[in-house]
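Visitor: Oh and the sequence shown: position 13 is 13 in UniProt numbering, straight run, nothing missing.
Built from N, CA and C at the ideal position, the CB exists for glycine as well.
Treat the numbers as computed from the prediction; the structure is a model and nothing was measured.
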Amino acid sequence: MPKSPFILSLLLLLATGCEREVDGDMTEQTPVAFTARMDGEEATRAAGVIDNASLTSMGVFAGYSGQSNWDGAASTPNFMFDQLVEKAANGTWTYTPVKYWPNTAGDKISFFAYAPHKSQMKGLTTLGYTNNSSGYPRLRYEPPLDATQQTDLLFASPLTNKTKGSKLAFTMGHVLTHVLFKVKSTSAIAVSKVEVIGGANYSYIQFKADGYYYLSYSTDSPIFYRTLSPATTVAANTLTDLGDFFLLPQNANSVRLTFTVDGGTTLETKEVALPASPAWDMNKTIAYTLNIENKTKITLSVKSWDGGSVSGTMGEEAPTTGYPFTKNGIVYESATKAYYFGPEYYYDYLGDGWGQTEAGWFKWEPAIRICRGRHSTDVYGAAEWRLPNINELALGRQLGIVGGSSYWSITDNSSNFAGCAWALSGGNKKGDANKESGLRLLCIRDIGELTYPTVRTTSDGFPVIYLSATQRFMKQQEWNETGFITFDAAKTYCSGLEKGGYSDWRLPTENELTWMTNFGYISSTFMSSSGRAVVGGYKGVERWNAASPTATGRVACVRDY
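1) By alpha-carbon positions, which one of Asp412, Leu176, Thr238 and Gly360 ends up nearest to Glu293?
2) Beta-carbon separation of Arg472 and Tyr339 under 8 Å?
3) My guess is that Leu387 and Ile368 are in contact by the Cβ rule of under 8 Å, so how many angstroms apart are they, rounded?
4) Compare the Cα-Cα distances from Asp281 to each of His174, Thr336 and Ala105 and report the closest residue.
5) Among Lys99, Val558 and Leu399, which one has its Cα closest to the Cα of Phe462?
6) Nearest by alpha-carbon distance to Phe81: which of Trp505, Tyr212, Val60 and Ala73 is it?
7) Roughly how many angstroms lie between the CA atoms of Gly403 and Asn391, to the nearest whole one?
8) For Ile189, which residues in the same chain have their Cβ closer than 6 Å to its Cβ, ignoring the five residues on either side in sequence?
9) Would Thr482 be called buried (16 or more neighbouring beta carbons within 10 Å of its own) or exposed?
10) Please report the distance separating the alpha-carbon of Val179 from that of Pro230.
11) I'd like the span of the beta strand (DSSP E) that includes Glu271, first residue to last.
12) Distance check for Tyr225 and Ser192, CA to CA, integer angstroms please.
13) For the alpha helix (DSSP H) holding Asp488, just list the boundary residues, first then last.
14) Since Trp408 is in the beta strand (DSSP E), which residue starts that stretch and which ends it?
15) Exposed or buried, Gly128, counting other C-beta atoms within 10 Å across all chains shown (16 or more means buried)?
16) What's the gap between the Cα of Ser203 and the Cα of Asp71?
17) Thinking just about the alpha-carbon of each residue, which of Thr458, Tyr64 and Thr266 is nearest to the one in Asn103?
18) What residue does the beta strand (DSSP E) around Leu513 start on, and which one ends it?
19) Tell me the DSSP secondary structure of Glu142 in three-state form.
20) For Ser304, which residues in the same chain have their Cβ closer than 8 Å to its Cβ, ignoring the five residues on either side in sequence?
21) Could you work out which residue in Thr265, Gly553, Pro343 and Glu195 is closest to Ala273 when comparing CA atoms only?
22) Over the uninterrupted alpha helix (DSSP H) stretch that includes Ala394, give me the two end residues.
23) Could you check what DSSP says for Ser119 in three-state terms: helix, strand or coil?
24) Out of curiosity, what's the CA-to-CA distance linking Phe112 and Asn201?
25) Relative to the C-alpha of residue 607, which candidate in Leu442, Tyr136 and Ser166 has its C-alpha closest?
26) Would you kindly work out how many angstroms separate the C-alpha atoms of Lys184 and Thr232, rounded to a whole number?
27) From which residue to which residue does the beta strand (DSSP E) around Asn201 run?
28) Kindly list the residues whose CB is nearer than 8 Å to the CB of Ala74, restricted to its own chain and excluding five residues on each side of it in sequence; keep chain order.
29) Measuring straight from C-alpha to C-alpha, what distance separates Met516 and Gln398?
30) What does the Cβ neighbour count give for Thr148, buried or exposed, with the cut at 16 atoms within 10 Å?
31) Kindly indicate which residue of Glu268, Pro143 and Lys162 has the alpha-carbon position closest to the one of Pro222.
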């Protein structure tokens, strides 16, 4: 949230005070008059954030304490109680009835201000605090559940023990967390609702000697929402605003989207966990970008500001050079691929102890199962947490994320060595490990926006190659179990293959084989659906061999994804 302070000047117009005459006449007294201005240059601001132009009202408390100082435990707001002060069309600030500065030299008044006035902000009240209450003023705020009724809220540092002749200026700050949501999808969607689940549903904000603070929060699992009518259309691969929320500074649990896909009428609802970091604080803007892949997979990136303007692209900033590297726990492998390593596991958190050879060491299949199940409520969405492939493990160690023990990868190698999968050893070497052995466990999650062509890995360990927003395919893990076979035998093998619960496998096209080679998933000679063999050692046009259907080659089956 922009941090630039507001200066609310209370110009206490000075005049010589006179004693009341015997006949009751009284000479002119000094009224307390208000002005408000923005301190410094105006910043570019998001809609809904109060700035100089939109600051049109404020509430003022004031306590008269005579010759004594304001007592934070005993003094009362006996001079002004939540006085509505409004800006007229000509820019002047007015209120009624007018209050006058005391004429007795040394008499003191303490001032407390907030904006906008509670009469212009739904959910803001003085409940529990009256003009007879002792101590610093406080307000109760309960954000409306409907985001369209929420607004920014400002508090000023108190100006205490001021005497006639003082020139006063309030420095105001934002006391809510400004939360924004954007979305980007690989398919065209129409979003009809955004819901923020959890956080605080109300709290009390109280002034103190040097500022203001929150008392205890009530957290009754509120669901804040923004209904989009008509639905917000999101073109494929286009970052689109979904709106913002002004909420109490207590992190929510998750965000939920309701949308339709590709012009359809079936409503999809997807929920993703919100991370604990960055923390929702006063005077902060937090921007979340929701990335939807393949219509159902949803990931999240986040960016926050303590000050400055709110504009441009929201979301995790990814560099454009210097790959690979790590930032904020995310591994940026290339311009098109990034992933997040979760914590290392030492116990089977699914509770039944299955597959754990000893504390911190797991068999291969249980390791896969733990990654799929353990992260179901963690940061970045969790429906697609998985074991890393062997190359991701090696890169994680290179970047200092993966420790020095031996770790499982998702990459099955049973077609080369029965009952084995690839693992990364403590000596930083790739090797085969028996799936019944006990190795260490790390889980990862693909994140970020798709930039084509690129590769993602499913929680089952199957690579998915994305060539465009509409063209993508899944490759089987094993490719060496048939050896060299003919074209007809290759077709029969793929059509009869059942892997990962799928039975719609097929031979890849020549182009698909090319991309599998480019991404390092195959080598040697492979059969395409045209009956032509693709030789991995060739590039460009020379890659294609005019092999006859009776020639032999290896088989790597694919399926549409």
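Guide: Reading from the atomic positions:
1) Locating residue 293 in the sequence shown gives position 293, where the first residue counts as 1. Checking every option, the nearest Cα to that of Glu293 belongs to Thr238.
2) Taking the first residue of the sequence shown as 1, we reach residue 472 at position 472. Taking the first residue of the sequence shown as 1, we reach residue 339 at position 339. Cβ distance not < 8 Å, so Arg472 and Tyr339 don't count as in contact.
3) Indexing the sequence shown from 1 puts residue 387 at position 387. Indexing the sequence shown from 1 puts residue 368 at position 368. Contact holds; Cβ gap of about 6 Å.
4) Position 281 of the sequence shown, counted from the start, is the residue given in the question as residue 281. Answer by Cα proximity: His174.
5) Along the sequence shown, one-based indexing puts residue 462 at 462. Checked all of Lys99, Val558 and Leu399; the closest Cα to Phe462 is Val558.
6) Taking the first residue of the sequence shown as 1, we reach residue 81 at position 81. That would be Val60, whose Cα lies nearest to the Cα of Phe81.
7) Your numbering for residue 403 matches position 403 in the sequence shown. Your numbering for residue 391 matches position 391 in the sequence shown. Taking C-alpha positions only, Gly403 is separated from Asn391 by approximately 15 Å.
8) Along the sequence shown, one-based indexing puts residue 189 at 189. Same-chain partners within the cutoff: Val234, Phe259 and Val261.
9) Residue numbering aside, residue 482 sits at position 482 when the sequence shown is read from its first letter. Label assigned to Thr482: buried.
10) By one-based count along the sequence shown, residue 179 stands at place 179. By one-based count along the sequence shown, residue 230 stands at place 230. Using only the alpha carbons, I get a separation of about 22 Å.
11) What you label residue 271 is simply residue 271 of the sequence shown in a count that begins at 1. Glu268 to Ala273 is the span of the beta strand (DSSP E), which, as asked, contains Glu271.
12) Within the sequence shown, the letter at position 192 stands for residue 192. Within the sequence shown, the letter at position 225 stands for residue 225. Spanning the two alpha carbons is a distance of roughly 11 Å.
13) Within the sequence shown, residue 488 is the residue found at index 488, counting from 1. Segment Phe487 to Ser495, the alpha helix (DSSP H) holding Asp488.
14) In the sequence shown, the residue the question calls residue 408 occupies position 408. Looking at the DSSP string, the run of the beta strand (DSSP E) that includes Trp408 is Tyr407 to Asp412.
15) Within the sequence shown, residue 128 is the residue found at index 128, counting from 1. Answer is exposed; the Cβ neighbour count stays below 16.
16) Residue 203 sits at position 203 when you count from the first residue of the sequence shown. Residue 71 sits at position 71 when you count from the first residue of the sequence shown. Ser203 and Asp71: Cα-Cα distance of roughly 24 Å.
17) Taking the first residue of the sequence shown as position 1, residue 103 is located at position 103. The option with the nearest alpha carbon to Asn103 is Tyr64.
18) For the purposes of this step, residue 513 is identified with residue 513 of the sequence shown, where counting begins at 1. That residue, Leu513, is in no beta strand (DSSP E); its alpha helix (DSSP H) goes Glu510 to Asn518.
19) Working through the sequence shown from its first residue, we reach residue 142 at position 142. In the structure shown, Glu142 sits in coil (DSSP, three-state: anything other than H, G, I, E or B).
20) Stepping through the sequence shown from its first residue, residue 304 is reached at position 304. Excluding residues within five positions, the ones whose Cβ falls inside 8 Å are Pro278, Lys284, Thr285, Ile286 and Ala287.
21) Residue 273 sits at position 273 when you count from the first residue of the sequence shown. For Ala273, the nearest C-alpha among the options comes from Glu195.
22) Counting from 1 along the sequence shown, the entry for residue 394 is found at position 394. Looking at the DSSP string, the run of the alpha helix (DSSP H) that includes Ala394 is Ile390 to Gln398.
23) The sequence position of residue 119 within the sequence shown is 119, counting from 1. Correct three-state label for Ser119: helix.
24) Taking the first residue of the sequence shown as 1, we reach residue 112 at position 112. Taking the first residue of the sequence shown as 1, we reach residue 201 at position 201. Spanning the two alpha carbons is a distance of roughly 25 Å.
25) Since the displayed the chain opens at 1 and closes at 561, residue 607 lies outside it and no answer follows.
26) As a first step, residue 184 must be located in the sequence shown, where it is residue number 184. As a first step, residue 232 must be located in the sequence shown, where it is residue number 232. Between Lys184 and Thr232, the C-alpha separation is close to 12 Å.
27) Position 201 of the sequence shown, counted from the first residue, corresponds to residue 201. Premise fails: Asn201 is in no beta strand (DSSP E) and is neither H nor E.
28) Sequence index remark: in the sequence shown, residue 74 carries index 74 (1-based). For Ala74, where only same-chain residues beyond five positions count, the Cβ hits under 8 Å are Ser134 and Gly135.
29) On the sequence shown, residue 516 is found 516 positions in, with the first residue counted as 1. On the sequence shown, residue 398 is found 398 positions in, with the first residue counted as 1. Rounded to the nearest angstrom, the two C-alpha atoms are 25 Å apart.
30) Here residue 148 refers to the residue found at position 148 when the sequence shown is read from its first residue. Classification of Thr148: exposed, given that the 10 Å Cβ count is below 16.
31) One-based indexing of the sequence shown puts residue 222 at position 222. Cα-wise, what sits closest to Pro222 is Pro143.
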